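This report concerns only the one structure given below.
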Amino acid sequence: MRLVVDDIALEVGTAPTLRLRPSLRAAFHLEKKYGFQRLFLGLQEAHLEVITDMIAEGASTTPKQVMALFHRRPLAALLSTVIEPLVAFLFKLAGLEPHPEHDADGDGVEGKRVSFAEHHSNLYAIATGWLGWSPSEAWAATPNEIMVAYQGRADMLRAIFGGTNESATDKPDEARLDRDGLARLKRMAAKGPSHAV
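Each position in the sequence shown, counted from 1, maps to that position plus 1306 in the working numbering.
See the structure below:
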C-alpha cells in the first residue's frame, strides 16, 4: 500500500473547482444512506440525488449548495463531467484503487468476508485504537491514509520488538470485502455511466 493524493478535483461548469475528500466520515455517511452498490448504480443511472449527496459529503457542503452549482447548466453536459470523478471518489471511499491489472473477481484475496460498513468501522477502530488518533482525526482521514499509517505503525513495532516482515501488509482482522459485490462494482465501473437523462 502506498500513500497517494486522495482528493478528487471536480469541475462543474465555470464554478470554482471542488475538492472532494474521500474521508472516513463521508464513506460512513454515504454507505449508511445508500450502500456502495446502490451508489455505483446511482452513478451509472445518473441519479441526481446520489450525485448531489456524494458531492456534498466529499466537499463538506450541503446538497442545496451543490444544486446551486448546477443551476442553469445543461444537465447532460454536467453529468458527463462529474460521473467519472465521482466513480474515482467512490473507489477511494471504499479504500480501493481501480487498477485495470487487478482482476475483477478478487482471486487471491483471503480472509473473512466483511461488509463495507464493517470495513469502515474497522478502519475507525484502527485509527482511534491502534494509531491513537482522536475521533475527529480518524473521521477526517481517508481509508488509504489510515491503512498506510497502520502499516507504518506495524513496521515500527516490528523494528523495535522484532518479528517477520511477511505480515507487513496484513490488515489486523485479515478482512476482505464481499468478493461478489466487489466484482460487480468493478464491472459497473468498467462499463461506465449510462447517462439516461
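Using N, Cα and C, we set each Cβ at its ideal position, and we do this for glycine too.
On a predicted model such as this, the values are computed, not experimentally measured, just so you know.
*To which residues of the same chain is G1435 closer than 6 Å at the C-beta, ignoring the five residues directly before and after it?*
none
*According to DSSP, is L1396 helix, strand or coil?*
helix
_Chain-order list of residues whose beta-carbon lies under 6 Å from that of K1370 (same chain, five-residue window excluded)_ = none
*In whole angstroms, what is the alpha-carbon distance linking L1316 and V1388?*
7 Å
*At which residues does the beta strand (DSSP E) containing R1325 begin and terminate?*
1324-1326
*Taking I1357 as the reference, give the member of V1454, A1394, L1330, P1322 with the closest Cα.*
A1394
*Take P1391 and list the residues in its own chain whose beta-carbon comes closer than 6 Å to its own, dropping the five residues that flank it on each side.*
I1314, L1316
*State the start and end residues of the unbroken beta strand (DSSP E) segment that holds V1420.*
1418-1420
*With 16 other CB atoms within 10 Å as the buried threshold, where does F1467 fall?*
exposed
*Between the CA atoms of L1330 and G1341 - distance to the nearest angstrom*: When the Cα atoms are used, G1341 and L1330 turn out to be separated by approximately 14 Å.
*I think Y1430 touches A1444, with their Cβ atoms under 8 Å apart; what is that distance to the nearest whole Å?*
5 Å
_Going by DSSP in three states, A1333 sits in which element: helix, strand or coil?_
helix
*CB-CB under 6 Å to K1398, same chain, minus the five flanking residues each way: which ones, in chain order?*
Here the set comprises D1312, P1328.
*Can you tell me whether A1383 is buried or exposed, with buried defined as 16 or more other CB within 10 angstroms of its CB?*
exposed
*asked:* If I follow the unbroken alpha helix (DSSP H) through I1361, where does it start and stop?
replied: Its alpha helix (DSSP H) spans residues 1354-1365.
*Tell me where the alpha helix (DSSP H) around I1466 begins and ends.*
1449-1467
*Simplified DSSP assignment, three categories, for L1349*: helix
*With a threshold of 16 other CB atoms inside 10 Å of the CB of D1409, please say whether the residue is buried or exposed.*
Caution is warranted here: a pLDDT of 45 is assigned to D1409, below 50, making its placement in the model unreliable, and no coordinate value can be reported.
*Can you tell me where the beta strand (DSSP E) with A1315 in it begins and where it stops?*
1314-1316
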